[in-house]
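> Quick note on the numbering used here: the sequence shown kicks off at 1 and runs consecutively. One structure, as C-alpha coordinates, below. Some questions next.
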Amino acid sequence: MSVGENIRRTRQEQGMTQAYVAEQAGITQAMLCQIERGTKNPSLQVGKEIADILGCKMEELLEGGQGSRPPKRTA
(Lines of atoms letter the chains of each structure in order from A and count residues from 1; the text may use other names and numbers.)
(Lines give C-alpha, C1' and ligand atoms only; values in the text may rest on other atoms or scores of the structure.)
Protein backbone atom coordinates (compact mmCIF):
# COMPACT_ATOMS: atom_id res chain seq x y z
CA MET A 1 0.00 0.00 0.00
CA SER A 2 1.10 3.56 -0.64
CA VAL A 3 1.41 6.24 2.01
CA GLY A 4 -1.79 7.84 0.77
CA GLU A 5 -3.72 4.56 0.88
CA ASN A 6 -2.48 3.95 4.41
CA ILE A 7 -3.54 7.44 5.48
CA ARG A 8 -7.01 6.96 3.97
CA ARG A 9 -7.46 3.51 5.52
CA THR A 10 -6.32 4.65 8.95
CA ARG A 11 -8.41 7.83 8.78
CA GLN A 12 -11.51 5.84 7.88
CA GLU A 13 -10.81 3.27 10.62
CA GLN A 14 -10.65 6.18 13.09
CA GLY A 15 -13.95 7.57 11.76
CA MET A 16 -12.40 10.91 10.80
CA THR A 17 -13.29 13.02 7.80
CA GLN A 18 -10.81 14.42 5.31
CA ALA A 19 -11.93 17.91 6.31
CA TYR A 20 -11.19 17.28 9.99
CA VAL A 21 -7.75 15.75 9.42
CA ALA A 22 -6.77 18.42 6.91
CA GLU A 23 -7.83 21.24 9.24
CA GLN A 24 -5.96 19.74 12.19
CA ALA A 25 -2.84 19.20 10.04
CA GLY A 26 -2.93 22.75 8.68
CA ILE A 27 -3.43 21.74 5.04
CA THR A 28 -6.36 22.00 2.67
CA GLN A 29 -8.79 19.16 2.15
CA ALA A 30 -7.79 19.20 -1.53
CA MET A 31 -4.17 18.58 -0.54
CA LEU A 32 -5.14 15.69 1.73
CA CYS A 33 -7.25 14.25 -1.09
CA GLN A 34 -4.23 14.42 -3.41
CA ILE A 35 -2.06 12.73 -0.78
CA GLU A 36 -4.61 9.94 -0.31
CA ARG A 37 -4.90 9.42 -4.09
CA GLY A 38 -1.13 9.25 -4.40
CA THR A 39 -0.73 12.27 -6.69
CA LYS A 40 1.19 14.20 -3.99
CA ASN A 41 3.43 13.10 -1.14
CA PRO A 42 3.29 14.83 2.23
CA SER A 43 6.34 16.61 3.57
CA LEU A 44 7.89 15.02 6.65
CA GLN A 45 6.30 17.70 8.82
CA VAL A 46 2.83 17.16 7.35
CA GLY A 47 3.26 13.38 7.51
CA LYS A 48 4.14 13.63 11.21
CA GLU A 49 1.13 15.89 11.85
CA ILE A 50 -1.20 13.47 10.08
CA ALA A 51 0.22 10.48 11.98
CA ASP A 52 -0.24 12.31 15.30
CA ILE A 53 -3.84 13.20 14.42
CA LEU A 54 -4.55 9.60 13.41
CA GLY A 55 -2.96 8.29 16.60
CA CYS A 56 -0.24 6.25 14.94
CA LYS A 57 3.46 6.43 14.15
CA MET A 58 4.63 7.83 10.84
CA GLU A 59 6.36 4.52 10.14
CA GLU A 60 2.98 2.78 10.18
CA LEU A 61 1.77 5.07 7.41
CA LEU A 62 4.94 4.51 5.39
CA GLU A 63 4.92 0.73 5.80
CA GLY A 64 1.25 0.05 6.32
CA GLY A 65 1.97 -1.66 9.62
CA GLN A 66 -0.79 -2.54 12.06
CA GLY A 67 0.75 -1.39 15.32
CA SER A 68 -1.23 -0.69 18.44
CA ARG A 69 -3.41 2.36 18.20
CA PRO A 70 -5.24 4.32 20.86
CA PRO A 71 -9.03 4.14 21.02
CA LYS A 72 -10.99 5.83 18.27
CA ARG A 73 -11.36 9.58 18.53
CA THR A 74 -14.55 11.36 17.65
CA ALA A 75 -14.33 13.99 14.95
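Positions of the beta carbon are idealized from the N, C-alpha and C atoms, including for glycine. Note that this is a predicted model, so its numbers are computed, not measured.
Using a threshold of 8 Å, state whether the C-beta atoms of Gly4 and Ile27 are closer than that.
Locating residue 4 in the sequence shown gives position 4, counting from the first residue. Locating residue 27 in the sequence shown gives position 27, counting from the first residue. Their beta carbons are not under 8 Å apart, which means Gly4 does not touch Ile27 by this criterion.
> For Arg9, which of Lys48, Gln29, Arg37 and Val46 has the nearest alpha-carbon?
The residue labelled residue 9 in the question sits at position 9 within the sequence shown. Selected option, being the one with the closest Cα: Arg37.
> Please confirm whether any heavy atom of the ligand SAH lies closer than 7 Å to the CB of Ala30.
With respect to the ligand SAH, the structure offers nothing, as it holds no ligand at all.
> Between Glu63, Asp52 and Met31, which lies nearest to Gln14 when the distance is taken from Cα to Cα?
For this step, residue 14 is matched to residue 14 along the sequence shown. Taking only the C-alpha atoms, the option nearest Gln14 is Asp52.
> Are the C-beta atoms of Arg8 and some chain C residue less than 8 Å apart?
Note that chain C does not occur in the displayed structure, where there is just one protein chain.
> Which of the three DSSP states is assigned to Ile27 in this structure?
Translated into positions along the sequence shown, residue 27 becomes position 27. Coil.
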